[in-house]
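Asks: Residues are numbered in the numbering used here as their position in the sequence shown, beginning at 1, plus a constant of 330.
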Amino acid sequence: MKKKIIIFDTTLRDGEQALQASLTSNEKLQIALALEQMRVDVMEVGFPISSPGDFESVQSISKIIKNSRICSLARCLPQDIDAAAKAMKPATDFRIHLFLGTSKLHTSSKLKKSFNEITDMAIASIKRAKRYTDDVEFSCEDAGRTSLKKLCQIVEAVIDAGATTVNIPDTVGYTTPTQFKNIISTLFERVKNIHQTIISVHCHNDLGMAVGNSISAIEAGAGQIEGAMNGLGERAGNAALEEVILALKVHENILRTRTNINLKEIYKTSKIISQFCNMPIPSNKAIIGKNAFSHSSGIHQDGVLKNRENYEIINPKNIGLNHCQFNLTSRSGRAAVKHRMKEMGYQKNDFNLNELYTDFLKLADKKGQIFDYDLEALAFFKRQQNTEEYYKLEYFDVQSKLSGLSVASIVLICGSQTNIQKATTSNGPVDAIYQALNKATLYPLVLKKFSLTANSEGKDALGKVDIVVQYKNRNFHGVGLATDIIEASAQAMVNALNYIWKSTQVDKEIKRLNKQ
Ligand code: KIV
Ligand code: ZN
331 MKKKIIIFDT TLRDGEQALQ ASLTSNEKLQ IALALEQMRV DVMEVGFPIS SPGDFESVQS
391 ISKIIKNSRI CSLARCLPQD IDAAAKAMKP ATDFRIHLFL GTSKLHTSSK LKKSFNEITD
451 MAIASIKRAK RYTDDVEFSC EDAGRTSLKK LCQIVEAVID AGATTVNIPD TVGYTTPTQF
511 KNIISTLFER VKNIHQTIIS VHCHNDLGMA VGNSISAIEA GAGQIEGAMN GLGERAGNAA
571 LEEVILALKV HENILRTRTN INLKEIYKTS KIISQFCNMP IPSNKAIIGK NAFSHSSGIH
631 QDGVLKNREN YEIINPKNIG LNHCQFNLTS RSGRAAVKHR MKEMGYQKND FNLNELYTDF
691 LKLADKKGQI FDYDLEALAF FKRQQNTEEY YKLEYFDVQS KLSGLSVASI VLICGSQTNI
751 QKATTSNGPV DAIYQALNKA TLYPLVLKKF SLTANSEGKD ALGKVDIVVQ YKNRNFHGVG
811 LATDIIEASA QAMVNALNYI WKSTQVDKEI KRLNKQ
């Protein structure tokens, strides 16, 4: 039988503690709801004594979350324990998480107490917390640097006092997987009452080993892993929970463990957290990064097309990501180009693959990434590449005010016609101008990506807007560059509209040829 590993999420406590701007109560609640859907077993949602705001948000989360155990942090002080219990009172069941430094460094230079005094404080605090709940976790802060003899001693004492979970944090991310595994194995060998509790681990990532250390601890018998989504947390962060969960899943037969997590919610939860916390996810981040399931080299793309498992150990669909993406670059092979054309709806006979691939490589060398419209231009439109743009923005005027409507007026040249439009919206000036352009061109578009970056520094920096719009299942890219970011946004859309117009001409041409 597989052993169930308890997944303890601390995004809203250790993770939040490290953000530049703290989350609002409502944002924390949204994150808690996402974590509940992901089915984390325990969620640590705050440190109630630390501020009235934290107290209130723990209280409001405790009222709403029903399917994950709510937990909050407390120092080994009576007022902390009472505040934690009071904040979580609305929850049906809750956990109080106590912590106290156990390493020589922490006891002598931070807490200025003897080890015996520390042990007494821990015991008294566990007993006080037990008045409020049966579920009490005790953390030996800085366990990674605590002498093994002392660690075994305090672990035994806190289990005797009633700690139902004993957490072994590598607070400063100091240990290696072998060292950490040895700590956990030693506890299982030497602490006589160890089986009356659950051993938990909480690894920080200062040396980039948090996930490795957590998995090593599972091999040694730990039953709970603590971590934060997207690896958020103090300094270099906590063990990234999504990585831990997937590592346990991929190796479930060797580790003989399972979790209760709904894997399909991972991607969405990670995105929500990244947005609310204003912490972008690096492209190459395992599991959730933009490139985690995207294949660039021709050999890899060909391999994935033949069998996804050639270059993927996880099916992206299992974590709620609906597609596997190919970056078309000069490293892509003929197979990837053919595959993309097919995905865009073109038949084999619609274009000459050999010619297209030769032109594709030349353009990719110059341009880097190749988009759908580039492929179409190469396949069907090469001769007309230098023709005049069909749409031209002749004039625009946008008015916008705080908490009011934005109004955009435009004059768009459409071939030989002039089109004047006006749009009003409460979604801001960019949406207003996009709506006016849409009224003028009438393409049913979906804006898939909007990104604004400054191309240099200072207030006169050029704003570069990159957009991707979807039209009839194809993606079109548009770029606009201007010191005025509204103008850059408008130009990016006009750029994309021109590519769409060209592709509609290609469709007409194909239909005409098919009729002949
Ligand atoms: O890193 C740590 O030691 C902690 C404790 C409070 C568990 O966050
Ligand atoms: Zn921590």
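Quick reminder that beta carbons are idealized off the backbone N, C-alpha and C, glycines included.
1) Considering only C-alpha positions, which residue in the set Leu578, Asp837, Gly563 is nearest to Glu346?
2) By a C-beta neighbour count over all protein chains shown, 10 Å radius and 16 as the cutoff for buried, is Gln715 buried or exposed?
3) Helix, strand or coil: which one does DSSP assign to Ala847?
4) Whose CA, out of Ala709, Leu742, Phe710, lies closest to the CA of Tyr725?
5) From Gln699 to Arg399, what distance separates their C-alpha atoms?
6) Kindly provide the ranges of any beta strand (DSSP E) runs that are 3 or more residues long and lie completely inside the region 672-750, ordered along the chain.
7) Would you mind sorting Val809 into buried or exposed? The rule is 16 or more other CB atoms within 10 Å of its CB.
8) So, is Ala818 buried or exposed, given that buried needs 16 or more other C-beta atoms within 10 angstroms?
9) Do Val372 and Arg425 have their beta-carbon atoms positioned less than 8 Å apart in this structure?
10) Excluding the 5 residues preceding and the 5 following Thr422 in the sequence, name in chain order all residues of the same chain whose CB lies nearer than 8 Å to its CB.
11) Between Arg458 and Ile379, what straight-line distance do the alpha-carbon atoms span, to the nearest angstrom?
12) Out of Gln389, Gly492, Lys442, which has the shortest C-alpha to C-alpha gap to Ile456?
13) Taking all protein chains shown into account, do 16 or more other C-beta atoms lie within 10 angstroms of the C-beta of Gly557, making it buried, or fewer, making it exposed?
14) Who are Cys401's beta bridge partners in DSSP?
15) Starting from Glu467, follow its DSSP beta bridges and name the residues at the other end.
16) Suppose contacts are defined by Cβ-Cβ distances below 8 Å. Is Glu374 in contact with Asp410 by that definition?
17) Taking the alpha-carbon of Thr659 as reference, which of Glu673, Asn679, Ser627, Ser402 has the nearest alpha-carbon?
18) With respect to the alpha helix (DSSP H) encompassing Gly503, which residues constitute its N-terminal and C-terminal limits?
19) In or out: His525 buried (at least 16 other Cβ within 10 Å) or exposed?
20) Suppose you measure from the CA of Cys607 to the CA of Lys332; what does that come to, to the nearest Å?
21) Looking only at its own chain, which residues have a Cβ that is under 7 Å from the Cβ of Leu342, when we skip the five neighbours before and after it?
22) Could you tell me if Val776 is buried or exposed, where buried requires 16 or more neighbouring beta carbons within 10 angstroms of its beta carbon?
23) Closest to Leu403 by CA distance: which of Thr476, Pro610, Asp465 is it?
24) Going straight from the alpha carbon of Thr437 to that of Leu478, what length do you get?
25) Just how far apart, CA to CA, sit Leu651 and Asn645?
26) Would Asn497 pass as a contact of Ser530 if the rule is Cβ separation under 8 Å?
27) Rounded to whole angstroms, what's the CA-CA distance from Ser730 to Thr813? Just pull it up for me.
28) Mind checking which residues open and close the beta strand (DSSP E) that includes Gln554?
29) Going by beta carbon distance, what residues of the same chain come within less than 8 Å of Lys522, once the five residues before and after it are set aside?
30) In three-state terms, what does DSSP make of Phe623?
31) For Asp344, does the count of other Cβ atoms within 10 angstroms reach 16, so buried, or fall short, so exposed?
32) May I ask you to check if the CB of Thr476 is nearer than 7 Å to at least one heavy atom of ligand 1?
33) Report buried or exposed for Thr501, applying the criterion of at least 16 other Cβ atoms within 10 angstroms of its Cβ.
34) Assuming contact is defined by CB atoms lying nearer than 8 Å, are Ile816 and Leu782 in contact in what I supplied?
35) Buried or exposed, going by whether 16 or more other CB atoms sit within 10 Å of the CB of Arg461?
36) So which of Asp412, Ala364, Leu353 has the shortest CA-CA distance to Asp384?
Replies: For this structure:
1) Start at 1 with the first residue of the sequence shown, and residue 346 comes out as number 16. The shortest Cα separation from Glu346 among Leu578, Asp837, Gly563 belongs to Gly563.
2) One-based indexing of the sequence shown puts residue 715 at position 385. Unreliable positioning characterises Gln715 in this predicted model, as indicated by a pLDDT of 42, which lies under 50. A coordinate reading is not provided.
3) Since the first and last residues shown for the chain are 331 and 846, residue 847 lies out of range.
4) Start at 1 with the first residue of the sequence shown, and residue 725 comes out as number 395. When only C-alpha atoms are compared, the closest one is Leu742.
5) As a first step, residue 699 must be located in the sequence shown, where it is residue number 369. As a first step, residue 399 must be located in the sequence shown, where it is residue number 69. Near 46 Å, if we compare the C-alpha coordinates of Arg399 and Gln699.
6) Qualifying beta strand (DSSP E) stretches, in chain order: 721-729, 736-744.
7) Locating residue 809 in the sequence shown gives position 479, counting from the first residue. Counting Cβ neighbours within 10 Å, Val809 comes out exposed, since fewer than 16 surround it.
8) The sequence position of residue 818 within the sequence shown is 488, counting from 1. Burial call: buried.
9) The sequence position of residue 425 within the sequence shown is 95, counting from 1. The sequence position of residue 372 within the sequence shown is 42, counting from 1. Between Arg425 and Val372, the C-beta spacing is below 8 Å.
10) Translated into positions along the sequence shown, residue 422 becomes position 92. The residues are Lys396.
11) Mapped onto the sequence shown, residue 458 falls at position 128. Mapped onto the sequence shown, residue 379 falls at position 49. Computed Cα separation, rounded: 16 Å.
12) Walking along the sequence shown from the start, residue 456 turns up at place 126. Scanning Gln389, Gly492, Lys442 for the CA closest to the CA of Ile456 turns up Gly492.
13) Within the sequence shown, the letter at position 227 stands for residue 557. So Gly557 counts as buried.
14) Residue 401 sits at position 71 when you count from the first residue of the sequence shown. DSSP lists Glu374, Arg425 as partners of Cys401.
15) Looking up residue 467 in the sequence shown gives position 137. His427, Thr495.
16) What you label residue 374 is simply residue 44 of the sequence shown in a count that begins at 1. What you label residue 410 is simply residue 80 of the sequence shown in a count that begins at 1. Their beta carbons are not under 8 Å apart, which means Glu374 does not touch Asp410 by this criterion.
17) What you label residue 659 is simply residue 329 of the sequence shown in a count that begins at 1. For the residues Glu673, Asn679, Ser627, Ser402, the minimum Cα distance to Thr659 belongs to Ser627.
18) Position 173 of the sequence shown holds residue 503. Gly503 -> no alpha helix (DSSP H), and no H or E assigned at all.
19) By one-based count along the sequence shown, residue 525 stands at place 195. With fewer than 16 other Cβ atoms within 10 Å, it is exposed.
20) Along the sequence shown, one-based indexing puts residue 607 at 277. Along the sequence shown, one-based indexing puts residue 332 at 2. If I take the Cα positions, the gap works out to 35 Å.
21) The residue you call residue 342 lines up with position 12 of the sequence shown. Around Leu342: Lys358, Ile361, Ala362, Met373, Glu374, Val375, Gly376.
22) The sequence position of residue 776 within the sequence shown is 446, counting from 1. Classification of Val776: exposed, given that the 10 Å Cβ count is below 16.
23) Here residue 403 is taken as the residue at index 73 of the sequence shown, counted from 1. Minimum Cα distance to Leu403 is reached at Asp465.
24) As a first step, residue 437 must be located in the sequence shown, where it is residue number 107. As a first step, residue 478 must be located in the sequence shown, where it is residue number 148. Taken atom to atom, the span from the alpha-carbon of Thr437 to that of Leu478 is near 15 Å.
25) Here residue 651 is taken as the residue at index 321 of the sequence shown, counted from 1. Here residue 645 is taken as the residue at index 315 of the sequence shown, counted from 1. Straight-line Cα distance between these residues: approximately 9 Å.
26) The residue given as residue 497 occupies position 167 in the sequence shown. The residue given as residue 530 occupies position 200 in the sequence shown. Less than 8 Å separates the beta-carbon of Asn497 from that of Ser530.
27) The residue labelled residue 730 in the question sits at position 400 within the sequence shown. The residue labelled residue 813 in the question sits at position 483 within the sequence shown. In this structure, the CA atom of Ser730 is about 18 Å from the CA atom of Thr813.
28) For the purposes of this step, residue 554 is taken as the residue at position 224 of the sequence shown. Run containing Gln554: 554-557, per the beta strand (DSSP E) assignment.
29) As a position in the sequence shown, residue 522 is number 192, starting the count at 1. Excluding residues within five positions, the ones whose Cβ falls inside 8 Å are Glu486.
30) Counted from its first residue, the sequence shown places residue 623 at position 293. Coil.
31) Here residue 344 is taken as the residue at index 14 of the sequence shown, counted from 1. Buried is the call here.
32) Looking up residue 476 in the sequence shown gives position 146. Relative to ligand 1, Thr476 has its C-beta separated by 7 Å or more from all heavy atoms.
33) For the purposes of this step, residue 501 is taken as the residue at position 171 of the sequence shown. It is buried - the Cβ of Thr501 has at least 16 other Cβ atoms within 10 Å.
34) In the sequence shown, the residue the question calls residue 816 occupies position 486. In the sequence shown, the residue the question calls residue 782 occupies position 452. Cβ distance not < 8 Å, so Ile816 and Leu782 don't count as in contact.
35) Looking up residue 461 in the sequence shown gives position 131. Only exposed fits Arg461, as fewer than 16 other CB atoms lie within 10 angstroms of its CB.
36) Translated into the one-based positions of the sequence shown, residue 384 becomes position 54. For the residues Asp412, Ala364, Leu353, the minimum Cα distance to Asp384 belongs to Leu353.
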